[in-house]
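Undergrad:
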Amino acid sequence: MGITASNLTKRYGDQAAVDGVSFEMSTGEVLGFLGPNGAGKTTTMRLLTCYLEPTAGTATLDGYDIHDHPEAVRRRIGYLPENAPLYTDMPVIEYLRLSARLQAVPPATIDNRIQTMMDVCGLGRERHKRIGELSKGYRQRVGLAQALLHDPPVLILDEPTTGLDPNQIVEIRELIKEIGQEKTVMLSSHILKEVEMTCDRILIINQGEVVADAATEELRQQFRGGAQLRVAVQAPDDTDVPAALASLRGVASVDGSEGTYTLSATGAAPPAAEVFRLCADRDWVLTELTPVESSLEDVFRELTETPETPPDAAPSSDSPPATAPDEGRTGRHHS
Amino acid sequence: MHAVLTICKREINAFFDSLTAYVLLVLFLGLSGTFTWLFGQGDIFFVGQASLDTFFQVAFWTLFFFIPAVTMGMIAEERRSGTLELLATKPLDDMEIVAGKWLAAWLLVAVALLFTLPYYITVAQLGPIDHGATLSGYLGLLLVSAVYVSIGLFASSLTRNQIVAFLLSLFLAVFLHLLFGQMAVVLPGALADVASFLDLQGHFQTMARGVMDAASLLYVVSLTLIGLLAATVSLKSRSWS
């Protein structure tokens, strides 16, 4: 069943926060939802969880349409909004009890489910602390626990690992992977590494539109150009190293200066042997010879980079979406 | 219904877990107690009748300020901190959220009024009190509170700022509390009749005298429902552009 979105659109005035987003995902899939800040990730998730109503288009979750059966949809979703907004005045266990009741977990099983979820999310020792006293990492875990309480078939997690330390990130990542084996999980992030490691599939969105939708591996393959080599050499000052490197067989172009260069190869194999022989012949000292992996980072940049001020854009079309709450940040990060 | 009660319970717990409930109860009882018993001019001893009418008049005014203070944060704070998103994505209708919060605030007012029962007992010891009128007066306070709570929630649903919500609900309530009554005096003919019907204070005075008439009841219940509906629509308006 999973999630099907067709042509989801959300407009605020003239500005489209989400513009015709369509995708499909099936049960047992972990989908990474990527995009720069303000690209429309949060808005899309809010549409899927029936927090907002789309201007146009629709989506079905686990077979239920968001227009026709919003309550049925919400019963089947575990949702963790960005920054895990929880009632800070409540003790952890009370909060989970409240969530369970609101999610209509059968009363007889509530205590059992809460115990299980606290074990899964490692909350046992913090159970009686007020949520406001918890560190960011533990708060995130409480958020995750409340999303999992009613054993939903679909999980929607908005930036589940922000604010966590590296150990916690690894733990949450493992947890998500485990959960993802039998559920449909959609998680958003602007951290590529994370998505690369956790998700089977990646959906990249930019300025409200889907710019890529493919399996993680496929996406990396698709955008891998010719192989690249990073080369550092110590040569006498008067020698023109770049020119010598460029003249090698199999080298398409040479970038860089001051002893460190990046070579782009014409073929699939990096011309490491040629570089080594060149250095040996000329008696240069070769200090580095590293193949450069084209990473998703590059893919991401290529797909989402927009000039800061498009030269032909009218001022009105470039103004930030002032009416779009929480998505109105204009700064674009490519971290 | 189940969800309404769950939300109501959580709100009441929140009132009593924080200092909010205690501070407000002490303020309400302190103010109304002072003006009812100790103020001299116009207090129960000054009036010299075994009647709680003095208290009802004082409480009518105290609740006017007390209720917006209870309701101001109920939705505004959820909006500000983002918890509204988590609440609204649970399988419940926005109406149930509003209803649960309304019930909680109204019950808190009821608790405050319950603490004034010793007034009743005391006055009943002092002289022949009109039990019917007293009951009707308490009912009147509960009904007026129902209206103010729902107005307060509507105001709270419009903003993320508690102070704005507080002032806004005072602004809306002052029409019912005072201004329509004033208009009834100055407006001509039929308009005066309309204003006089809209004047909540007029309806309350009738109830405090021991008369519970159907028109008053209908008016108060409608006002409450309108407030609840307006708050619900305001919650749903997050989708509008």
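Protein chains in written order, with this note's numbering: chain A, 11 to 345; chain B, 1278 to 1518.
Just so it is clear, CB atoms sit at the ideal spot from N, CA and C, and this is done for glycine as well.
Just confirm the distance between the C-beta atoms of LEU165(A) and ALA157(A), as a whole number of angstroms; I'd bet it's less than 8 Å.
TA: That pair is a contact at about 6 Å.
Undergrad: Any beta-carbon of chain B closer than 8 Å to the one on ALA114(A)?
TA: Answer yes: the Cβ-Cβ gap between ALA114(A) and chain B drops below 8 Å somewhere.
Undergrad: Looking only at C-alpha atoms, which of ILE182(A), ASP223(A), ASP29(A), ASP121(A) sits nearest to LYS20(A)?
TA: Looking at the Cα atoms, ASP29(A) is the closest of the given residues.
Undergrad: Would you mind telling me which residues of chain A sit closer than 7 Å to LYS1378(B), beta carbon to beta carbon, in chain order?
TA: The contacting residues do not exist; LYS1378(B) stays about 13 Å from chain A at best.
Undergrad: I'd like to know if the segment 79-91 of chain A and the segment 116-125 of chain A are in contact, where contact means that at least 3 CB-CB pairs between them fall below 8 Å.
TA: Flag = no, the segment 79-91 of chain A and the segment 116-125 of chain A do not touch.
Undergrad: How would you write the range of the alpha helix (DSSP H) that LYS1286(B) sits in, first residue to last?
TA: Start and end: 1279-1294.
Undergrad: Within the 8 Å Cβ cut-off, does THR59(A) reach chain B?
TA: Yes, THR59(A) counts as interfacial toward chain B.
Undergrad: May I ask which residues mark the beginning and end of the alpha helix (DSSP H) holding ASN122(A)?
TA: Per DSSP, ASN122(A) belongs to the alpha helix (DSSP H) from 117-130.
Undergrad: What residues from the segment 1327-1345 of chain B come within 9 Å of chain A, judged by C-beta to C-beta, listed N to C?
TA: Here the close residues number zero.
Undergrad: Is it the case that the segment 142-150 of chain A contacts the segment 92-102 of chain A, given that we only count it when at least three CB pairs across the two stretches are under 8 Å?
TA: Contact between the segment 92-102 of chain A and the segment 142-150 of chain A is present, because at least three Cβ pairs lie under 8 Å.
Undergrad: Using the beta-carbon count (16 or more within 10 Å), is SER267(A) buried or exposed?
TA: The residue is exposed, with fewer than 16 neighbouring Cβ atoms inside 10 Å.
Undergrad: Could you give the first and the last residue of the continuous alpha helix (DSSP H) run that contains GLY1466(B)?
TA: Where GLY1466(B) is concerned, the enclosing alpha helix (DSSP H) stretches over 1466-1475.
Undergrad: Can you tell which of GLU136(A), ALA49(A), ALA224(A) has the C-alpha that lies nearest to the C-alpha of LEU41(A)?
TA: The residue with the shortest Cα to Cα distance from LEU41(A) is ALA224(A).
Undergrad: List, from N- to C-terminal side, the beta strand (DSSP E) runs of 3 residues or more that fit wholly inside the segment 251-322 of chain A.
TA: Listed in chain order, the complete beta strand (DSSP E) runs (minimum 3 residues) inside the segment 251-322 of chain A are 261-267, 270-275, 295-302.
Undergrad: Can you list, in chain order, the stretches of the alpha helix (DSSP H) that have 4 or more residues and sit fully within the segment 1376-1413 of chain B?
TA: For the segment 1376-1413 of chain B, whole alpha helix (DSSP H) runs of length 4 or above, ordered along the chain, are 1394-1403.
Undergrad: With 7 Å as the limit, tell me which residues of the segment 1282-1300 of chain B have their beta carbon closer than that to any beta carbon of chain A; keep them in chain order.
TA: Within the segment 1282-1300 of chain B, the residues whose Cβ lies closer than 7 Å to some Cβ of chain A are THR1283, ARG1287, ALA1291, ASP1294, SER1295, listed in chain order.
Undergrad: Check whether the segment 1458-1477 of chain B and the segment 1368-1378 of chain B are in contact - that is, three or more C-beta pairs closer than 8 Å.
TA: The answer is no - the segment 1368-1378 of chain B does not touch the segment 1458-1477 of chain B, with fewer than three Cβ pairs under 8 Å.
Undergrad: Leaving out five residues before and five after TYR74(A) in sequence, what residues of the same chain have Cβ atoms less than 6 Å from its Cβ?
TA: Around TYR74(A): ALA82, VAL83.
Undergrad: Which of the three DSSP states is assigned to LYS20(A) in this structure?
TA: Of the three classes helix, strand and coil, the one that applies to LYS20(A) here is strand, per DSSP.
Undergrad: Are HIS1480(B) and SER1493(B) touching if we call contact CB-CB under 8 Å?
TA: Contact flag set, yes.
Undergrad: How would you write the range of the beta strand (DSSP E) that TYR89(A) sits in, first residue to last?
TA: Note, TYR89(A): beta strand (DSSP E), 87-90.
Undergrad: Nearest CA to the CA of GLN1478(B): which residue from THR1436(B), GLN1334(B), LEU1380(B), ALA1401(B)?
TA: Of the candidates THR1436(B), GLN1334(B), LEU1380(B), ALA1401(B), the one whose C-alpha sits nearest the C-alpha of GLN1478(B) is GLN1334(B).
Undergrad: Less than 8 Å between C-beta atoms, sequence neighbours within five positions excluded: which residues of the same chain meet that for VAL1324(B)?
TA: Within the same chain, VAL1324(B) has close Cβ partners ASP1330, THR1331.
Undergrad: Applying the criterion that 16 or more other CB atoms from any shown protein chain within 10 Å of the CB defines a buried residue, is LYS1367(B) buried or exposed?
TA: LYS1367(B) should be labelled buried.
Undergrad: So ILE215(A) is in the beta strand (DSSP E); what residue range does that whole segment cover?
TA: Where ILE215(A) is concerned, the enclosing beta strand (DSSP E) stretches over 211-216.
Undergrad: Okay, do the segment 1453-1465 of chain B and the segment 1315-1322 of chain B touch, 3+ Cβ pairs below 8 Å being the bar?
TA: Too few Cβ pairs lie closer than 8 Å, so no.
Undergrad: To the nearest angstrom, report how far apart GLY1270(B) and ALA1353(B) are at their CA atoms.
TA: Missing from the structure shown is residue 1270(B); chain B here goes from 1278 to 1518 and no further.
Undergrad: Could you give the distance in angstroms between the alpha-carbon of ALA118(A) and the alpha-carbon of GLY1417(B)?
TA: Using only the alpha carbons, I get a separation of about 41 Å.
Undergrad: So if DSSP puts ARG140(A) in a beta bridge, which residue, or which two residues, is it bridged to?
TA: In the DSSP output, where bridge partners are listed per residue, ARG140(A) has PRO101(A).
Undergrad: Taking the C-alpha atoms as reference points, what is the distance between ILE1398(B) and PHE1337(B)?
TA: If you take the alpha carbons of ILE1398(B) and PHE1337(B), they lie about 20 Å apart.
Undergrad: So that I know if they touch, is there some Cβ in chain B lying closer than 8 Å to that of ASN93(A)?
TA: ASN93(A) counts as touching chain B.
Undergrad: Quick one: using the 10 Å Cβ neighbour count with 16 as the cut-off for buried, is LEU1502(B) buried or exposed?
TA: That one is exposed.
Undergrad: Name the chain B residues whose beta carbon is nearer than 7 Å to that of ASP99(A)?
TA: Ordered by position in chain B, the residues that pass the 7 Å Cβ test against ASP99(A) are ALA1291, ASP1294, SER1295.
Undergrad: Tell me which residue opens and which closes the beta strand (DSSP E) that GLN244(A) is part of.
TA: Taken as a continuous stretch (DSSP letters only), the beta strand (DSSP E) holding GLN244(A) covers 238-244.
Undergrad: Along chain B, in chain order, which residues have C-beta atoms closer than 7 Å to that of TYR74(A)?
TA: What TYR74(A) touches in chain B: nothing, since even the nearest Cβ is about 11 Å away.
Undergrad: How is THR249(A) classed by DSSP in three states: helix, strand or coil?
TA: In the structure shown, THR249(A) sits in coil (DSSP, three-state: anything other than H, G, I, E or B).
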